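Participant:
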Amino acid sequence: MALPALAVAGGAAAAAYLDAKLHVRHDLAAGVLTDPVARAQEYVAQRQGQRRMLIYHLLEDNVLSNRSGNLFLEYEGRSWTYKQFYDSVQRVGNWLMNDIGVRQGEMVALNGLNSAEYLFLWFALEGIGARIAFTNCHLTDKTFWPEVCESKANRLQYVGELCRYLVNAPPHPLERKHNVQEAWGNGMRPDVWNTFRQRFNIAAIHELYAATDGMGSSFNRNLGDFSSGAIGVRGYLWHLKRGANEVRAKIDPDTEDIVRASNGFVVRANVGEPGEVLHRVDPAMAESAFKGYYNNPGASQKRWLRGVFEPDDLFFRSGDVMRVDGDGRVYFVDRLGDTFRWKSENVSTNEVADILGQFDQIAECNVYGVSVPHADGRCGCATIVPTTSISLESFDFARLYTHVAGRLPRYAVPLFLRVAPELSYTGTFKIQKGQAKREGVDLDLIEQAGSKDRLYWLPPGGSAYVPFRREDWQALKAGDVKL
1 MALPALAVAG
11 GAAAAAYLDA
21 KLHVRHDLAA
31 GVLTDPVARA
41 QEYVAQRQGQ
51 RRMLIYHLLE
61 DNVLSNRSGN
71 LFLEYEGRSW
81 TYKQFYDSVQ
91 RVGNWLMNDI
101 GVRQGEMVAL
111 NGLNSAEYLF
121 LWFALEGIGA
131 RIAFTNCHLT
141 DKTFWPEVCE
151 SKANRLQYVG
161 ELCRYLVNAP
171 PHPLERKHNV
181 QEAWGNGMRP
191 DVWNTFRQRF
201 NIAAIHELYA
211 ATDGMGSSFN
221 RNLGDFSSGA
231 IGVRGYLWHL
241 KRGANEVRAK
251 IDPDTEDIVR
261 ASNGFVVRAN
271 VGEPGEVLHR
281 VDPAMAESAF
291 KGYYNNPGAS
301 QKRWLRGVFE
311 PDDLFFRSGD
321 VMRVDGDGRV
331 YFVDRLGDTF
341 RWKSENVSTN
351 EVADILGQFD
361 QIAECNVYGV
371 SVPHADGRCG
381 CATIVPTTSI
391 SLESFDFARL
401 YTHVAGRLPR
411 YAVPLFLRVA
421 PELSYTGTFK
431 IQKGQAKREG
441 VDLDLIEQAG
451 SKDRLYWLPP
461 GGSAYVPFRR
471 EDWQALKAGD
481 VKL
């Protein structure tokens, strides 16, 4: 009996070693063999063909199934089954159409506090076919944990800003007395990750990376320190099945262009080196793989890259920079090009630059996102060159704020301005963003670079851009000021 026991123990040890070396469990958990992306695409195509793409339709599906009597919503001591909630939505929808006059295709702003009635309105507007503009209220840490405990929820859904907000909040007596076992979401930053798990006693973090206009995804079921902060772990099975179709291309840090070798083909990023993620696409299937952006063929064409490793191959540019270490852990580094993410929203640098360019005291500008302490994503920063007739002393920073605040969503308004005598261009007349992004709003880095540019910012609650001082930078780093 001892020999079989030894054999089993030896086999288990060998399996554990191979798993640690090849990350088989990570690959299986991420769905490498089942291809969840393909299944998701098939599901979306099916729903699109049925013209049932809305959340309202998912509610309707549950009402028509054997789950209609199951609990759907619980809030402040009240509860609704799928059927009860659906019936309430129908009543609200009839009121919106018959009394308010809401019609299909109309844009309706929805502004309200968290409540069941808010959801009734949301689903009813979808059922009518109206377009909803959500005006959201702020989350408060004072009510979050009591509601989690009262509902006996065992799962949390997050975006990165939620996690940082909770970590930065004062201790709450209920923050460890809940039933939550897992948190699911995207955008959890490495500096928040372990603090969030340990402080709130949440065992598993499920981090997802994907993009609406992307062609790939990544998933990390994180239970310990090994994959903390990563968006995925790539093992033997992943490389075997998908390695040829997803690559990281080396990028020029100043121009953000993809680097090509002397033979004209793209240079791969090395282990530990940031690179833009590219996805291989069959040229014959390009149109079906990516429909493009509505009424914007120029932006659509920018996503395609040809002649990557062979003269006739075709790859899709994700626009996202990632780094893979020697253990196969994948880390999100940055968003390239014409967008950055702030307050859970995508900000178009071109849109912001267009608005700034309309201001009569600005000759040219360069818009980009910069990292700031204790914040997720990148906030907006613009290097501006005043017109020749305007000095720094005569520049109207208050009127500039009024100009941009009246024309841009609040999250897209640049929080920092860098006033420069001229912009930096490459030899092919492309604006150089790399150095400005690396220096960000760190006054020491700007000074070390020998720059005489002046930095301004929009303090919280401010109505004009004012000089950004060293004490302001220290307050940001200390967490005394939050943007």
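Numbering (UniProt numbering), first residue to last: 1 to 483. Glycine is no exception: its CB is placed at the ideal position from the N, C-alpha and C atoms. The structure presented is a predicted model; accordingly, all values stated were derived computationally and were not measured.
Tell me the DSSP secondary structure of residue 484 in three-state form.
Facilitator: What the structure shows of the chain is the stretch from 1 to 483, and residue 484 is not part of that stretch, so it cannot be assessed.
Participant: Using DSSP's beta-bridge definition, name the partner residues of Met215.
Facilitator: DSSP lists no partner for Met215.
Participant: Roughly how many angstroms separate the alpha carbons of Tyr158 and Ala183, rounded to a whole number?
Facilitator: Cα to Cα, Tyr158 sits roughly 7 Å from Ala183.
Participant: Tell me the residue span of the alpha helix (DSSP H) that contains Asn168.
Facilitator: That run of the alpha helix (DSSP H) goes Gly160 to Asn168.
Participant: Taking all protein chains shown into account, decide if Arg155 is buried (16 or more other Cβ within 10 angstroms of its Cβ) or exposed.
Facilitator: Arg155 is exposed by the Cβ-count criterion.
Participant: Name the residue from Tyr82, Arg197 and Val247 whose alpha carbon lies nearest to the alpha carbon of Val308.
Facilitator: When each option's Cα is compared against that of Val308, the closest is Val247.
Participant: For Thr390, which residues in the same chain have their Cβ closer than 6 Å to its Cβ, ignoring the five residues on either side in sequence?
Facilitator: The residue you asked about is not Thr; residue 390 is Ile in the sequence shown. Here the set comprises Gln361.
Participant: Secondary structure at residue 500, three-state DSSP: helix, strand or coil?
Facilitator: Because the chain in this structure spans residues 1 to 483, residue 500 falls outside the shown range and cannot be described.
Participant: Would you kindly report the start and end of the unbroken alpha helix (DSSP H) that includes Asn350?
Facilitator: Segment Thr349 to Gly357, the alpha helix (DSSP H) holding Asn350.
Participant: So, helix, strand or coil for His374, using DSSP?
Facilitator: Reduced to three states, the DSSP call for His374 is coil.
Participant: From the DSSP output, in three-state form, read off Asp472 for me.
Facilitator: Helix at Asp472.
Participant: What are the uninterrupted segments assigned as beta strand (DSSP E) that are 3 or more residues long and contained completely in the segment 42 to 116, given in chain order?
Facilitator: DSSP runs (the beta strand (DSSP E)) wholly in the segment 42 to 116: 71 to 75, 78 to 81 and 107 to 111.
Participant: Bridge partners of Asp320, per DSSP?
Facilitator: Arg335, per the DSSP bridge assignment.
Participant: Does Ala130 pass the burial test, meaning 16 or more other C-beta atoms within 10 Å, or should it be called exposed?
Facilitator: It counts as buried.
Participant: Suppose contacts are defined by Cβ-Cβ distances below 8 Å. Is Ala382 in contact with Val372 by that definition?
Facilitator: Result no, Cβ atoms of Ala382 and Val372 do not sit closer than 8 Å.
Participant: Exposed or buried, Gly380, counting other C-beta atoms within 10 Å across all chains shown (16 or more means buried)?
Facilitator: Classification for Gly380: buried.
Participant: Just to confirm my understanding: we take Arg470, look at its own chain, exclude 5 residues before and 5 after, and list those with CB closer than 7 Å. What are they?
Facilitator: Result list for Arg470: Leu443, in chain order.
Participant: Between the beta-carbon of Tyr411 and the beta-carbon of Leu458, is there less than 8 Å?
Facilitator: Taking 8 Å as the Cβ cut-off, Tyr411 and Leu458 do not qualify as a contacting pair.
Participant: Using only the alpha-carbon positions, how far apart do Ser451 and Trp473 sit?
Facilitator: Going by the C-alpha atoms only, they are around 17 Å apart.
Participant: Starting from Gly307 and walking both ways along the beta strand (DSSP E), at which residues does that stretch end?
Facilitator: No beta strand (DSSP E) contains Gly307, which DSSP labels as neither H nor E.
Participant: Does the beta-carbon distance from Leu223 to Ala211 come in below 8 Å?
Facilitator: No, they are not a contact pair.
Participant: When you compare the segment 66 to 80 with the segment 100 to 109, are there three or more beta-carbon pairs, one atom per stretch, that lie closer than 8 Å?
Facilitator: The segment 66 to 80 vs the segment 100 to 109: no contact.
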